[in-house]
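Student:
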Amino acid sequence: MRIFDLAFEALAAVFTYFQVVLRLAMPLAAVVLVFETYSRLTHPQMSGIAGPEGVAAAPEPPAILVLISLVATIALTAVYLNVVIGWHRFLVRGEAPWATGFKLGGREFRYFYNSIAIGIIALAVVLPCVFVIERVLGGIGAGLLSQAISFLATAAIIAIVLRLSPVLVDVALERKPVGLVQSWKRMAPLAGQIVGVGIIVAVLAMASAGIDRFVVALPIGLFFKAALTATNATAMLFLAGMTTTAAVTLAYLRLMPPPATGTGGTRAVAANE
17 MRIFDLAFEA LAAVFTYFQV VLRLAMPLAA VVLVFETYSR LTHPQMSGIA GPEGVAAAPE
77 PPAILVLISL VATIALTAVY LNVVIGWHRF LVRGEAPWAT GFKLGGREFR YFYNSIAIGI
137 IALAVVLPCV FVIERVLGGI GAGLLSQAIS FLATAAIIAI VLRLSPVLVD VALERKPVGL
197 VQSWKRMAPL AGQIVGVGII VAVLAMASAG IDRFVVALPI GLFFKAALTA TNATAMLFLA
257 GMTTTAAVTL AYLRLMPPPA TGTGGTRAVA ANE
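The numbers in the sequence shown follow this note's numbering, run straight up by one, and end at 289.
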């Protein structure tokens, strides 16, 4: 179906250039996996791998560990910004992964605060859905209606983010950003296909939740449950993240093709130029 064309092209780009994705994201994914596993082991009830009467959560960590965690989170955010910017630039210009090394400057800060602004807008739009799920229906997974609304909310968030995200591609390419309003208008011709990307990502989120439920039901130890669910969460995070980044880049190229240079990434978008 045409509504899913952009989603399938984005997924195809991820798997076609999977080695590039690994070179960009694997070091970051490895660190995230360690943090996710640690979080599940120290807070098993909050992670859903132990019931209220199950294994007690570990005591709160000392202040020094909290500080280390905060510093690590900031570092991870900085690396993640380099990863997604590198993925944009590879798909548009064929630029080799980490070609410009690690950077933390104006480009990265602009990408970060525009991402925050887009996320706030998307969350504000779907906030009524979140309220209904948590306060009326008893939380995600509490019933079929709750899961259906959660699915629609996830798809809506992704679709809104993609409609607003051409500004992020401009920033990644070090062009003057057109702004959020113009980004929304620019993406109007692909509104239906952007909804298709949202649906596919929501399906991935549901699949991840299903895998978690399967793992939690297995008669295995807490450590193995923590490790398996953390691996699932990390894999889905990067698959969804790289797919949505590819989708907005491909949509950007369809509607406003910039001059591409180099090789590699240009092959991923040749059909759209």
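Yeah, the Cβ is synthetic: ideal placement off N, Cα and C, and Gly gets one too.
1) Whose C-beta lies closer than 6 Å to the C-beta of S199 among residues of the same chain, with five residues either side of it excluded?
2) Here's a check: name, in chain order, each residue in its chain whose Cβ is nearer than 8 Å to the Cβ of R123, leaving out the five neighbours to either side.
3) Measuring only the C-alpha atoms, how far is A284 from L244?
4) Going straight from the alpha carbon of D21 to that of I165, what length do you get?
5) Give a yes or no on contact between the segment 28-38 and the segment 220-239, applying the rule of three or more CB pairs nearer than 8 Å.
6) Is S55 helix, strand or coil by DSSP?
7) Skipping 5 residues on each side, what residues in its chain have a beta carbon closer than 7 Å to that of G205?
8) Report, in whole angstroms, the separation of the C-beta atoms of A171 and G214, which I expect to be a contact under 8 Å.
9) Compare the C-alpha of A41 against each of L168, E111, V95 and name the closest.
10) Shortest alpha-carbon distance to F128 belongs to which of T116, T93, L86?
Tutor: For this structure:
1) Excluding sequence positions up to five before and after S199, its CB lies within less than 6 Å of the CB of L180, P182, V183, all in the same chain and listed in chain order.
2) I101, V187, A188, E190
3) Legend: pLDDT at A284 = 46, less than 50; position of this residue unreliable, value from coordinates given subsequently. Going from the Cα of A284 to the Cα of L244 covers about 32 Å.
4) 24 Å
5) Touching, no.
6) helix
7) The sequence given here has Pro at residue 205, not Gly. Within the same chain, P205 has close Cβ partners L271.
8) 4 Å
9) V95
10) T93
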